[in-house]
Amino acid sequence: MTHLTLDKISVHYDGQLVPAVERVSLDIAKGDFVVLVGRSGCGKTSLLNVAAGLVEPAGGLATVGGKPITRPGSDRAVVFQNDALFPWLTARENVAFALRLRGVPADSRARRADELLSLVKLAEAGDKRIWELSGGMRQRVGLARALAAEPEFLLLDEPLGALDALTRERMQTTLLDLWAASQVGVLMVTHGIEEALVLATRIVVLAPGPGHVVRTFETNF
Numbered sequence: 030m031t032h033l034t035l036d037k038i039s040v041h042y043d044g045q046l047v048p049a050v051e052r053v054s055l056d057i058a059k060g061d062f063v064v065l066v067g068r069s070g071c072g073k074t075s076l077l078n079v080a081a082g083l084v085e086p087a088g089g090l091a092t093v094g095g096k097p098i099t100r101p102g103s104d105r106a107v108v109f110q111n112d113a114l115f116p117w118l119t120a121r122e123n124v125a126f127a128l129r130l131r132g133v134p135a136d137s138r139a140r141r142a143d144e145l146l147s148l149v150k151l152a153e154a155g156d157k158r159i160w161e162l163s164g165g166m167r168q169r170v171g172l173a174r175a176l177a178a179e180p181e182f183l184l185l186d187e188p189l190g191a192l193d194a195l196t197r198e199r200m201q202t203t204l205l206d207l208w209a210a211s212q213v214g215v216l217m218v219t220h221g222i223e224e225a226l227v228l229a230t231r232i233v234v235l236a237p238g239p240g241h242v243v244r245t246f247e248t249n250f
């Protein structure tokens with residue numbers, strides 16, 4: 030089974046006296062849903078960016094499938110709080126763009142994009158342009174596009190943080206459905222303890238100064 034592993038990771042940004050993260054270790058297997066929680070400045074997003082290959086650690090080793098992480102890769106898909114969708118394209122075209130990058134034949138892209146949109150409960154929205162969609166719908170398109178890459182791990186940086194309470198609850202259900210259907214490994218950052226309890230198989234609590242693990246909970250309920 031493939032694992033995403035952060036081994037004694039330290040992150041230090043120029044101009045900061047205290048490291049953002051110091052000697053933090055995590056191991057995420059396919060099928061895990063690991064959620065990082067903690068106060069602002071405790072290094073949650075820094076750790077996720079190391080896992081994504083967007084930040085090079087000052088110390089320690091990040092690996093996926095035993096291979097060092099040196100850059101972003103198709104085995105890890107990232108969804109941010111602010112979607113990175115193309116507003117001039119339709120929902121279907123945004124998802125199809127990721128399929129194109131994967132080398133999926135042109136005659137298969139629209140069908141597969143529609144399947145992925147159905148998976149995130151947007152079967153009727155394929156022809157809508159991104160600017161026509163609500164925040165929750167845009168995040169669903171972002172999830173569909175991330176899954177189009179067929180990643181082994183999904184990295185989520187507060188993807189529900191900008192949504193209203195009701196939409197957030199619905200999106201939590203969507204996330205759980207997607208995770209159960211795909212069995213990808215998930216590493217998610219959130220400020221919400223209740224959200225972590227709803228979603229996670231394991232919760233990792235971080236504290237700042239520098240960022241370090243305070244406690245880990247297995248959610249067996």
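Going from the sequence shown to our numbering is simple: count from 1 and add 29.
Glycine included, each C-beta is placed from N, C-alpha and C at the ideal position.
Quick caveat, the model's predicted, so the values are computed rather than measured.
(request) Taking Gly9 as the reference, give the member of Ser163, Met200, His220, Phe182 with the closest Cα. (result) The structure shown does not extend to residue 9, since the chain is modelled only from 30 through 250, so no value can be given for it.
(message) Taking the beta carbon of Met30 as the centre, do at least 16 other beta carbons fall within 10 Å, making it buried, or is it exposed?
(response) It counts as exposed.
(message) Is the separation between the beta-carbon of Val66 and that of Ile232 shorter than 8 angstroms?
(response) Contact: yes.
(message) Rounding to the nearest angstrom, what Cα-Cα distance links Val124 and Ala135 in this structure?
(response) Each residue's alpha carbon lies about 13 angstroms from the other.
(message) Please report the straight-line C-alpha distance between Ser69 and Gln45, rounded to a whole angstrom.
(response) Roughly 15 angstroms between the two C-alpha positions.
(message) Let's see if you can read the secondary structure: which residues bound the beta strand (DSSP E) around Asp56?
(response) Per DSSP, the continuous beta strand (DSSP E) segment holding Asp56 begins and ends at 50-58.
(message) From the DSSP secondary-structure annotation, give me the bridge partner or partners of Val107.
(response) Within the DSSP bridge table, the entry for Val107 names Leu184 as partners.
(request) Could you tell me how far apart the beta carbons of Gln168 and Met200 are, in whole angstroms, since I believe they sit closer than 8 angstroms? (result) The Cβ separation is near 6 angstroms, so the contact holds.
(message) With three or more beta-carbon pairs closer than 8 angstroms as the criterion, would you say the segment 170-190 touches the segment 101-112?
(response) Touching, per the Cβ criterion.
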